[in-house]
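For the sequence shown, this note's numbering gives the first residue as 351, with consecutive numbering after it.
The C-beta atom is built at its ideal place from N, Cα and C for all residues, glycine as well.
Taking it in order: structure first as structure tokens, then the write-up.
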Amino acid sequence: MNKPRIGAQLIIWRGRAAKELPKVLDEVAEIGFEGIETSVNIISSYPNAGKLLEDRGLKLIALHLGVSDENVARKGLEILQELGGLYLTFSGAGLKEKTEEKYVEHARFLSRIGELAKDYGAQVCYHNHDYEIVDDAFGMKIILRETSPDLVKLCVDVYWVRHGGMDPATFIKEHLDRIAYLHLKDGTERGIKEKSPEFTPLGQGCIDFKPIIDLCVKAEMKWLIVEQDRTEGDPKECMLASRRYLEEVFKL
């Protein structure tokens with residue numbers, strides 16, 4: 351049984367990822383990650399991105415962007431094709447107007463880009479936050495209903511599922527056939543209760559990762575991405591703590 355490979359979302363490095371990507375990639379590789387997810391805008395700012403990744407033994411796993419601009423989406427697909435990336439991952443459907451009409455509109459956008467992605471050898475994914483999960487997953491149900499499984503997969507953010515009021519392992523099990531990969535994220539129970547998220551390295555918050563990892567391994571999911579949205583500490587140390595947790599507890 352093939353275990354998932356582990357990648358890093360660069361969001362925790364914030365502005366450094368855009369201003370000094372080579373140094374950030376050095377840190378990612380030193381920690382022991384095998385690949386990265388970042389934004390279309392960051393990667394497109396470095397014409398030599400392919401060499402930067404290759405020199406450090408890193409793979410481009412996914413590019414992340416908001417549900418809005420088809421031109422940015424096309425640029426992302428071109429970069430994925432050029433660099434051998436896998437996923438074009440969107441978020442933000444219904445963010446400003448949480449109505450059925452707006453979710454349907456954004457689902458149609460995702461489907462359109464999902465069809466286009468076939469020509470680039472890429473897969474469109476949708477990344478949840480908490481607001482699509484609340485109210486019995488009102489928004490997520492519409493997105494899933496209005497998109498085809500072959501055109502739009504899910505990148506499930508486990509912390510945001512919990513923040514939205516659902517158990518992450520249960521949600522993953524129910525939608526396993528639609529999931530391409532996960533964002534492994536942790537945070538405090540207080541942040542969930544107070545609806546003001548407090549992010550932590552993996553294993554230092556309230557997320558029960560064992561049933562989640564068990565499902566991923568059984569499903570032979572190819573990639574898991576560690577994501578910590580922000581920190582008051584050092585990004586490298588936070589991501590190192592998360593990487594060690596996965597290695598020591600789950601042998602990943």
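C-alpha distance - residue i paired with residue j, whole-angstrom precision
{"i": "H338", "j": "M490", "result": "Lying before the first or after the last residue shown, residue 338 is absent from the chain, which here runs from 351 to 602."}
{"i": "V390", "j": "K568", "result": "31 Å"}
{"i": "S498", "j": "H477", "result": "16 Å"}
{"i": "T520", "j": "P561", "result": "9 Å"}
{"i": "Y595", "j": "Y509", "result": "16 Å"}
{"i": "F600", "j": "P518", "result": "18 Å"}
{"i": "K457", "j": "D584", "result": "One point to set straight first is that residue 457 is Ala, not Lys, in the sequence displayed. Computed Cα separation, rounded: 37 Å."}
{"i": "E598", "j": "T449", "result": "43 Å"}
{"i": "E544", "j": "T538", "result": "10 Å"}
{"i": "S441", "j": "H479", "result": "8 Å"}
{"i": "A368", "j": "L436", "result": "21 Å"}
{"i": "G541", "j": "E582", "result": "15 Å"}
{"i": "L574", "j": "E447", "result": "30 Å"}
{"i": "E384", "j": "A443", "result": "29 Å"}
{"i": "E496", "j": "H525", "result": "15 Å"}
{"i": "L625", "j": "L602", "result": "For residue 625 there is no data in the structure shown, the boundaries of the chain being 351 and 602."}
{"i": "A591", "j": "A487", "result": "32 Å"}
{"i": "P375", "j": "C566", "result": "For clarity, residue 375 is Leu in the given sequence; the question names Pro instead. Distance between the alpha carbons of L375 and C566: 26 Å."}
{"i": "K586", "j": "I492", "result": "37 Å"}
{"i": "L360", "j": "F459", "result": "26 Å"}
Burial state of residue i, where buried means 16 or more other Cβ atoms lie within 10 Å
{"i": "S395", "result": "exposed"}
{"i": "E397", "result": "A small fix is needed here, since residue 397 is Pro in this sequence, not Glu. Exposed, because fewer than 16 other Cβ atoms sit within 10 Å of the Cβ of P397."}
{"i": "G357", "result": "buried"}
{"i": "K535", "result": "buried"}
{"i": "P354", "result": "buried"}
{"i": "D507", "result": "buried"}
{"i": "P547", "result": "buried"}
{"i": "K373", "result": "exposed"}
{"i": "G365", "result": "exposed"}
{"i": "W351", "result": "The sequence as given places Met at residue 351; Trp does not occur at that position. Looking at its Cβ environment, which holds fewer than 16 other Cβ atoms inside 10 Å, M351 is exposed."}
Selection from the options that minimises the alpha carbon distance to residue i
{"i": "L552", "options": "D500, W510, E577", "result": "E577"}
{"i": "S418", "options": "L565, D485, V374, S461", "result": "S461"}
{"i": "I563", "options": "D376, R580, K523, D486", "result": "K523"}
{"i": "E408", "options": "L427, L415, D527, G434", "result": "The sequence shown places Leu at residue 408, not Glu. L408 has its Cα closest to that of G434, out of L427, L415, D527, G434."}
{"i": "D485", "options": "F440, I362, G515", "result": "G515"}
{"i": "D527", "options": "M571, L375, A443, I392", "result": "M571"}
{"i": "Y481", "options": "A399, V511, F459", "result": "V511"}
Assumed close pair residue i, residue j - CB separation to whole angstroms, cut-off 8 Å
{"i": "F315", "j": "R580", "result": "It is not possible to answer for residue 315, since the shown part of the chain is limited to 351 through 602."}
{"i": "Y470", "j": "C505", "result": "Rounded, the Cβ-Cβ distance is 18 Å, inconsistent with contact."}
{"i": "L438", "j": "L427", "result": "6 Å"}
{"i": "L413", "j": "I429", "result": "6 Å"}
{"i": "I411", "j": "E387", "result": "5 Å"}
{"i": "I529", "j": "K503", "result": "7 Å"}
{"i": "L501", "j": "V474", "result": "6 Å"}
{"i": "C588", "j": "I362", "result": "6 Å"}
Problem set entry | Stretch-stretch touch, CB-based, cutoff 8 Å, three pairs: the region 373 to 385 with the region 557 to 571 | no
Exercise. How do the region 413 to 427 and the region 460 to 473 stand: do at least 3 beta-carbon pairs fall below 8 Å, yes or no?
Worked result: yes
For this session: Check whether the region 441 to 460 touches the region 402 to 413, counting contact only when three or more Cβ pairs, one atom from each stretch, lie closer than 8 Å.
Result: no
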